[in-house]
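Number of protein chains: 2
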Amino acid sequence: MHTPREIPAALRRNHDHARCIEDALAAAQDLCRREGARFTPLRRRVFEIVWASHTPLGAYAILDILAGEGRRPMPPTVYRALDFLQTHGLVHRIPSLNAYIGCVDPGGHHGGQYLICRNCGTVAELTDEGLGQRLDARARDHGFRIESVLTEAVGLCPACTRESAA
Amino acid sequence: MHTPREIPAALRRNHDHARCIEDALAAAQDLCRREGARFTPLRRRVFEIVWASHTPLGAYAILDILAGEGRRPMPPTVYRALDFLQTHGLVHRIPSLNAYIGCVDPGGHHGGQYLICRNCGTVAELTDEGLGQRLDARARDHGFRIESVLTEAVGLCPACTRESAA
DNA sequence: CTCAATTTGCAACATTATAACAGTTCTTCT
DNA sequence: AGAAGAACTGTTATAATGTTGCAAATTGAG
Numbered sequence: 006m007h008t009p010r011e012i013p014a015a016l017r018r019n020h021d022h023a024r025c026i027e028d029a030l031a032a033a034q035d036l037c038r039r040e041g042a043r044f045t046p047l048r049r050r051v052f053e054i055v056w057a058s059h060t061p062l063g064a065y066a067i068l069d070i071l072a073g074e075g076r077r078p079m080p081p082t083v084y085r086a087l088d089f090l091q092t093h094g095l096v097h098r099i100p101s102l103n104a105y106i107g108c109v110d111p112g113g114h115h116g117g118q119y120l121i122c123r124n125c126g127t128v129a130e131l132t133d134e135g136l137g138q139r140l141d142a143r144a145r146d147h148g149f150r151i152e153s154v155l156t157e158a159v160g161l162c163p164a165c166t167r168e169s170a171a
Numbered sequence: 006m007h008t009p010r011e012i013p014a015a016l017r018r019n020h021d022h023a024r025c026i027e028d029a030l031a032a033a034q035d036l037c038r039r040e041g042a043r044f045t046p047l048r049r050r051v052f053e054i055v056w057a058s059h060t061p062l063g064a065y066a067i068l069d070i071l072a073g074e075g076r077r078p079m080p081p082t083v084y085r086a087l088d089f090l091q092t093h094g095l096v097h098r099i100p101s102l103n104a105y106i107g108c109v110d111p112g113g114h115h116g117g118q119y120l121i122c123r124n125c126g127t128v129a130e131l132t133d134e135g136l137g138q139r140l141d142a143r144a145r146d147h148g149f150r151i152e153s154v155l156t157e158a159v160g161l162c163p164a165c166t167r168e169s170a171a
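Printed below as a string of structure tokens:
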């Protein structure tokens with residue numbers, strides 16, 4: 006059973022989360038229209054659930070949330086929705102956590118960097134193009150042609166750093 | 006059941022694999038002695054199995070290989086050996102593959118970059134310190150304190166790039 | 001409206017990983 | 001050497017994550 010994680014202090018402050026989700030939904034809707042993809046109610050709902058948590062959510066956690074609503078979906082339903090959302094760059098999978106998180110920049114960019122707090126579980130996404138370019142150059146030195154990159158950094162977020170200092 | 010992957014052409018050429026494994030074993034033995042850790046026969050054998058494959062190996066693949074020998078270990082045995090080897094930096098886990106690969110530089114370094122060929126499955130490890138430093142700087146800009154980093158790049162290795170060009 | 005394609009539902013199953021506890025081996029201290 | 005404690009391994013069971021294959025329903029195009 007999924008027990009919803011308490012929203013970290015850093016997010017309660019300075020952050021209108023309802024608005025944040027709305028904006029993401031609108032952007033996703035738009036992007037799907039442009040790409041001729043169908044943003045069905047199920048996909049929309051899964052997207053919304055992922056976005057509602059700023060900490061990555063596992064597929065079975067999403068499943069539990071959906072089970073608390075009208076639907077009683079089975080695993081493949083959720084995995085397919087997540088596949089769709091990943092394909093269109095709307096969510097990312099964090100492999101080391103077996104979990105998914107909303108992408109802050111659905112349009113472009115390849116190879117974001119994720120900062121995962123080991124204490125509170127929040128994940129921040131960086132997109133430093135220079136990092137990607139430099140890695141690309143190093144790989145080319147070895148004759149390797151990179152197609153996609155994922156960087157996962159684990160450590161302490163600002164709030165938890167302050168907390169641990171005390 | 007584990008069906009051993011064919012050794013990619015890039016590795017058959019220019020590479021004395023038996024020697025490569027021997028060297029890695031000696032280095033591992035050494036490092037364990039220095040750290041007061043016990044390089045037991047089981048751990049040694051698991052390390053050797055991982056090193057014998059230049060493509061990442063899943064825990065159950067290792068289990069299958071061990072089952073073909075005297076032992077009939079159960080999953081926890083292998084996972085524990087892998088945990089030990091990871092703790093001492095002798096192997097790395099590639100989260101997106103649920104698989105393990107030998108570390109080319111057991112002593113130091115944090116935050117290597119893995120180049121994963123999507124065609125033949127080989128993995129090359131880079132260690133560009135500058136990349137780590139730059140990411141560290143970006144993270145600090147956001148107040149995030151990085152403790153460890155893993156970068157996974159997927160693409161085509163030199164041999165498979167040439168092959169696909171033809 | 002009908003056909004074809006896409007999406008969803010569903011049952012069964014495969015793969016990866018861990019918990020809990022018992023037995024064994026190694027090390028250290030006397 | 002012998003005893004005590006720590007580290008390692010064995011074993012059973014189970015949890016968590018992800019997939020296959022096929023049937024039913026929905027959608028969009030002609």
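Line order of the protein sequences matches chains A and B.
Here the numbering used here is used: position 34 in the first sequence is 39, and no number is missing along the way.
Here the numbering used here is used: position 88 in the second sequence is 93, and no number is missing along the way.
Cβ atoms here follow ideal geometry from the backbone N, Cα and C, with glycine treated the same way.
Neighbouring residues, chain B, relative to residue i (Cβ below 8 angstroms)
i      : result
A:Q138 : Ordered by position in chain B, no residue passes the 8 angstroms Cβ test against A:Q138, which lies about 11 angstroms from the chain.
A:G148 : C162, P163 and T166
A:P100 : P100, S101 and E157
Three-state secondary structure (DSSP) of residue i
i      : result
A:M6   : Interpretation of A:M6 is limited by its pLDDT of 45, a score under 50 that renders its predicted location unreliable; the figure taken from the coordinates is listed afterwards. In this structure, A:M6 counts as coil in the three-state DSSP scheme.
B:H20  : coil
B:V154 : strand
B:C122 : strand
A:L131 : strand
B:L136 : helix
B:L161 : strand
B:L109 : According to the sequence provided, residue 109 of chain B is Val. The question's Leu does not apply to it. Of the three classes helix, strand and coil, the one that applies to B:V109 here is coil, per DSSP.
B:A171 : coil
Nearest neighbour of residue i, chosen from the options [CA to CA]
i      : options                           : result
A:V55  : A:L71, A:E157 and A:S169          : A:L71
A:V83  : A:F52, A:P111 and A:D35           : A:F52
B:D146 : A:D146, A:E130 and A:G137         : A:E130
A:E27  : A:L102, A:V159 and A:R49          : A:R49
A:A57  : A:P78, A:C25 and A:G41            : A:C25
B:G75  : B:N103, B:S101 and B:P46          : B:P46
B:R43  : B:A171, B:T92 and B:S101          : B:T92
B:A104 : B:A64, B:L136 and B:T132          : B:A64
A:A29  : A:R98, A:P163, A:M79 and A:I106   : A:I106
B:H97  : B:P81, B:R77, B:L62 and B:G73     : B:L62
B:P111 : B:A32, B:E134 and B:H20           : B:A32
B:I122 : B:D133, B:C162, B:R167 and B:A171 : Per the sequence presented here, residue 122 of chain B reads as Cys, with Ile not at that position. Here the closest residue by C-alpha is B:C162.
B:C165 : B:P100, B:P78 and B:L120          : B:L120
B:V159 : B:G137, B:P100, B:G73 and B:R77   : B:P100
A:H59  : A:L102, A:H22 and A:P78           : A:H22
A:G94  : A:R77, A:L136 and A:V109          : A:V109
Proximal chain B residues relative to residue i, where beta-carbon distance stays under 9 angstroms
i      : result
A:D133 : R139, L140 and R143
Partners in chain A for residue i, counting only beta-carbon separations shorter than 9 angstroms
i      : result
B:Q118 : L140, R143, A144, V154 and T156
Residue i: contacting residues in chain A (beta-carbon distance under 8 angstroms)
i      : result
B:I151 : L120, A158, V159 and G160
Partners in chain B for residue i, counting only beta-carbon separations shorter than 7 angstroms
i      : result
A:A129 : H147 and F149
Q) Between the region 124 to 142 of chain B and the region 73 to 90 of chain B, do at least 3 Cβ pairs fall closer than 8 angstroms? A) no
Q: Could you tell me whether the region 132 to 141 of chain B touches the region 149 to 166 of chain B, where touching means 3 or more Cβ pairs closer than 8 angstroms?
A: yes
Q. So does the region 154 to 168 of chain B actually touch the region 110 to 120 of chain B, counting three or more Cβ pairs closer than 8 angstroms?
A. yes
Q) Where are the alpha helix (DSSP H) runs, 4 residues long or more, that stay fully inside the region 14 to 79 of chain B, in chain order? A) 14 to 17, 22 to 40, 46 to 57 and 64 to 72
Q | Inter-stretch contact (C-beta, 8 angstroms, three-pair minimum) for the region 61 to 79 of chain B and the region 24 to 40 of chain B | A | no
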